[in-house]
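1 is the number of the first residue of the sequence shown in the UniProt record's numbering; add one for each residue after it. The C-beta atom is built at its ideal place from N, Cα and C for all residues, glycine as well. Okay, so here's the structure we're looking at.
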Amino acid sequence: MMSSILSPLLNNAKVKVDRVICVENLIKDYKKHLNIDVSSYFIGLQEITLYKCELSGYRFFYPYNVAGNGFFYEQLQSYDWYYMPWKWENQKTLSLLNKTYKILEIGSGGLGFIKKLNDLGYNITGLELNENSVKIGQSIGVNIKNESIQNHAKTNLGYYDFVCSFQVLEHISEVNSFIEAQISCLKKGGKLLISVPNNNSFIKFNHGGILNAPPHHMGLWDINSLKYLTNIYNIKLDSVFYEPLQDYHLDWFINSSIAFRFKRMPLLRRFFGSYKFKILFRRIVKVFQKFIKGHTIIAVFVKEK
C-alpha cells in the first residue's frame, strides 16, 4: 500500500505502510507493563502507522507529534533499568577513543558515559534537553549543556573529532536535521558513532516490546537503514559492531523467541513456555550467548569533506 507521506530521512522518497497500531491497545499496554498513562499523546487518534522508506528501509511512526515529553521520561527514570550507567555500547566506544579527541555526546541525561570519560581525563561535552539532568551533571563537574544538536552545530562547525549518541536517534522524528547537525560538528576525518536498537535482532520477535513504539520510539533502525546514510550525507561507513546477547536480556530473548516460533501453535507454545523447558532453554542459550546478536547495533562513520 503506497502513501502520500514522504520519508523524514529523504523528503523525496516514497514510503509504504509497514503496519498499523491500535492506539487503544497501545495505551493499555503502557499502563499494564509500565504503569504509565500515555493517553494524552494520542488525543483524537484511533491508530498510528509505521511506515517504511522505499529507498533507505528506515521505518518511522506517523503522525510525528506523538513523541514523549520530559514528564514521560521522568516517569521512565523511576525504573532503575532505564538509565544503566555503563553498558556494552559504552565500553565498546571507549575502546575507539583517543585522549586527544574533542568528544561530543548527544543525549547525556543518564550521565554514566560523560562522567566516566570526564573522570578518565577525556575532553568531552554533553548535550541534554532534560534540564534536571543538566543541573545534576553540572553539579558533579561535567561539561553538559541544555541545548539541541541543531543549535549547538551553529557555533561549533567542524569542531569535534568524535560525535556519539547512545539510544537517542530512535527517539527523534526530525532525523534529517539531527544527523546533519551531528556531521556539521565534525572535523573532516572525524567520526560519527550511532548506537541504536537493532531491529533485525531478536527484538523483532515482539516488535521490540512496548517501548519500541510511541511515545517512546519514533523510528526503527537496522543495518540496512544505517548503511544507507552514506548515500545521503558526506560520510562513509567505517565499522559496525553488534552487541552480544546480554544476561539482563536473556528472559526477553527466551520468552519472545518461544512466542514468535509457536505463535500459531498454542499447545506447543504452552509446552515450550513451561518453567522446566525455560530452564533447559536458558542453559542452552548461555552456551551460545556470545554468538547471539543482542539488542544494540553500533555504526561508526567517517566524515569525508
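Out of Lys-227, Asn-234, Leu-193 and Ile-203, state which residue places its alpha-carbon closest to the alpha-carbon of Lys-293.
Of the candidates Lys-227, Asn-234, Leu-193 and Ile-203, Ile-203 places its Cα closest to the Cα of Lys-293.
List the endpoints of the continuous alpha helix (DSSP H) containing Asn-118.
112-119
Only counting the same chain, and skipping five residues up and downstream in sequence, which positions put a Cβ closer than 8 Å to that of Asp-222?
Gly-57, Asn-198, Asn-199, Asn-200 and Ile-297
Within a Cβ cutoff of 6 Å, which residues of the same chain sit near Val-240, ignoring the five residues on either side of it in sequence?
Around Val-240: Ala-299.
How big is the Cα-Cα spacing for Tyr-101 and Leu-211?
In this structure, the alpha-carbon of Tyr-101 lies about 34 Å from that of Leu-211.
Run through the DSSP bridge pairs and tell me what Phe-241 is partnered with.
According to DSSP, Phe-241 bridges with Ile-298.
For Ile-21, write down the residues that DSSP places opposite it in a beta bridge.
Ile-48
Can you tell me whether DSSP reads Gly-189 as helix, strand or coil?
strand
Is Phe-166 closer than 8 Å to residue 306 when the C-beta atoms are compared?
Missing from the structure shown is residue 306; the chain here goes from 1 to 305 and no further.
Going by beta-carbon coordinates alone, are Leu-129 and Ser-148 separated by less than 8 Å?
Their beta carbons are under 8 Å apart, which means Leu-129 touches Ser-148 by this criterion.
Mind checking whether Glu-47 and Val-17 have CB atoms under 8 Å apart?
no
Between Val-302 and Ile-232, is the Cβ-Cβ spacing less than 8 Å?
Cβ distance not < 8 Å, so Val-302 and Ile-232 don't count as in contact.
Let me make sure I understand the geometry here. Which of Glu-304, Cys-164 and Phe-288 has the alpha-carbon closest to that of Gln-91?
Cys-164
Applying the 10 Å Cβ sphere with the 16-neighbour rule, what's the burial state of Leu-111?
Under this definition Leu-111 is a buried residue.
Report buried or exposed for Glu-105, applying the criterion of at least 16 other Cβ atoms within 10 angstroms of its Cβ.
buried
With distances taken between CB atoms, is the gap from Leu-117 to Ile-140 smaller than 8 Å?
no
Tell me whether Val-287 sits in a helix, a strand or coil according to DSSP, three-state version.
helix
By Cβ distance, which residues of its chain are closer than 8 Å to Asp-119, with the 5 residues on each side in sequence left out?
none
Is it true that the segment 183-191 meets the segment 150-158, where meeting means three or more beta-carbon pairs spaced less than 8 Å apart?
yes
If you count every other CB in all the chains shown that lies within 10 Å of the CB of Tyr-79, and 16 or more means buried, which is it?
exposed
Under a three-way DSSP split, which group does Asp-80 fall into?
coil
For Pro-8 and Phe-60, which I take to be in contact (beta-carbon distance under 8 Å), what is that distance rounded to the nearest angstrom?
6 Å
Express the C-alpha separation of Val-287 and Lys-278 in angstroms, rounding to a whole number.
The straight-line gap from Cα to Cα measures roughly 14 Å.
Got a sec? Which residues, its chain only, sit under 8 Å from Val-134 by beta carbon, not counting five neighbours each side?
Glu-128, Ile-144, Lys-145 and Asn-146
Identify, in the order they occur along the chain, each residue of the same chain with its Cβ nearer than 7 Å to the Cβ of Gln-77, setting aside the five sequence neighbours on each side.
Annotation for Gln-77: Tyr-83 place their beta carbon closer than 7 Å to its own, counting only its chain and skipping 5 residues before and after.
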